[in-house]
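All remarks here apply to the structure that follows.
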Amino acid sequence: MSATTYTPTAIDTPTQFVESKGRKLAYRVLGSGEPLILCVRFRGVLDVWDPAFLDALSRSFRVITFDYSGLGRSTGEANYDPRALAQDAVDLADALGIQRFFLAGWSLGGHAAQVVAITHPDRVRKLVLIGTCPPGKLSHGPEQVFFERALKFDNDLDDETVLFFEPASERSRMAAKASNARIAKRIASDRSPVVPEETYLRLLQAGEAPSDELFVDRGGYRDALAITPTPILVISGDHEIVFPVRNWFEMIPSWRSFHLLVVPQAGHGPHHQEPQFCVDAIVSFIANVS
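In C-alpha cells:
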C-alpha cells in the first residue's frame, strides 16, 4: 500500500518567516494555484481567521496569511496606518517572489488592500473587500457598541458574537459559536500571540485605529478606485456595526468595476458566519468577472 500524502489544514499548517527590509514577517501558506494574499483586521494576527474559510479558499488558491510588522510573530514597528499595512503585503509578496496576486482584506485589512490596489495597480489582479469601507469621509460611522467590545483585552464568545455576527439572529449566534470553536482548534505550539492591550491602545490614541475618519482619502483614493480596471468584490453583513454597508451604496453609480454582496442576518464577519458561501462567491467572482 502506498503512503498517503498529508495535506496541511489551517489548524496545523506551519508558520514560516521571511526577512524583508530589516524586519521578519510571519506568514502561512495553504493550498496551491494562483496566490491570494489576505490582509487581516484590527487587532488581528494569523490565528483570528476561521479555519473553515481558509481551508475552503485553499481548494482554489494558494492562500497566504501574515502578521503585520510588529504584531503577532512579525518584528518591526507596529503601525495601523493603511499605507504601512499595505507595504507589509507588498514586501511579503516581493520576498516570496510573487509579482501578481489576488488580494483580499477584512476590516482594517480592507483599507490596506485598497491602498495596495491603488499604489500597485499592475500587481493586484482582483480585489476582495470584507467588512470594510471605501476611502474618504463616510456618511455612516461605527456603532458605539463596537468600541465598547473591541477595546476589551479579553473578548469572550458574547463579545465576538456582538462584534462579528448578528446577536439578534439565532442562526448567526449558532454560527458564532461554531466559528469560535474552529478557531480554537489551531495547534497551541504554533500560534501567534495576541496584540497586547498597550499596543492597540497606543495605536488608537495615535489616531491609527478603526473610525469613520481612519481611511482618509489621500491623493484621491476614492476617485482612483472609481476608475480602476481592477475588479472589486465587496462582501458585507447587513448589520455591519463597524463600517455600515450603506457607505458602499454611494459607490454604486460611479465605481465601474464594483460588485456588492450583502449577507443577511450577519455582522462584521460574514465570511466566518457563512464561510463556504463567501468562498463560493469569491471563487466565482475571480473566475468569471473581468
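Quick note: the sequence shown, position 279, residue 279 per full-length UniProt numbering, numbers continuous.
No residue lacks a Cβ here, since even glycine has one placed at the ideal position from N, Cα and C.
query	result
What does the Cβ neighbour count give for Glu-213, buried or exposed, with the cut at 16 atoms within 10 Å?	Residue confidence for Glu-213 is low, a pLDDT of 49 falling below 50, so the modelled location carries little weight and cannot support an answer.
Just curious, the beta strand (DSSP E) that Val-63 is in, first and last residue?	62–66
For Ala-226, I'd like the list of residues in its chain whose CB is within less than 6 angstroms of its CB, leaving aside the five on either flank, ordered along the chain.	Ser-254, Trp-255
Judging by CA-CA distance, which residue of Leu-25, Glu-250, Gln-273, Pro-244 is the nearest neighbour of Gln-144?	Pro-244
Assuming contact is defined by CB atoms lying nearer than 8 angstroms, are Phe-164 and Ala-181 in contact in what I supplied?	no
Helix, strand or coil: how does DSSP classify Ala-104 here?	strand
Just the Cα atoms here: how many angstroms apart are Ser-211 and Arg-186?	Residue placement at Ser-211 is poorly supported in this model, since its pLDDT is 48, which falls under 50; the coordinates still yield a value, given next. Straight-line Cα distance between these residues: approximately 30 angstroms.
Straight-line CA distance for Asp-55 to Ala-224?	33 angstroms
Per DSSP, which one or two residues make a beta bridge with Lys-24?	Glu-19
Is Arg-28 closer than 8 angstroms to Thr-65 when the C-beta atoms are compared?	yes
Quick one: using the 10 Å Cβ neighbour count with 16 as the cut-off for buried, is Asp-12 buried or exposed?	exposed
Leaving out five residues before and five after Glu-77 in sequence, what residues of the same chain have Cβ atoms less than 7 angstroms from its Cβ?	Ser-69, Gly-70
If contact is defined by three or more beta carbon pairs under 8 angstroms, each pair taking one atom from either stretch, is the segment 187–205 in contact with the segment 85–95?	no
Between Gly-22, Ile-282, Asn-247, which lies nearest to Lys-137 when the distance is taken from Cα to Cα?	Asn-247
My assumption, with CB atoms under 8 angstroms, is that Leu-103 sits in contact with Val-234. Please give the rounded CB distance.	About 13 angstroms; that fails the 8 angstroms criterion.
Based on the DSSP output, what are the partners of Leu-233 in its beta bridges?	Val-128, His-259
Assign Pro-35 to buried or exposed, taking buried as 16 or more other Cβ atoms, counted over all protein chains shown, within 10 Å of its Cβ.	buried
Would you tell me roughly how many angstroms separate the C-alpha atoms of Gly-237 and Glu-274, rounded to the nearest one?	10 angstroms
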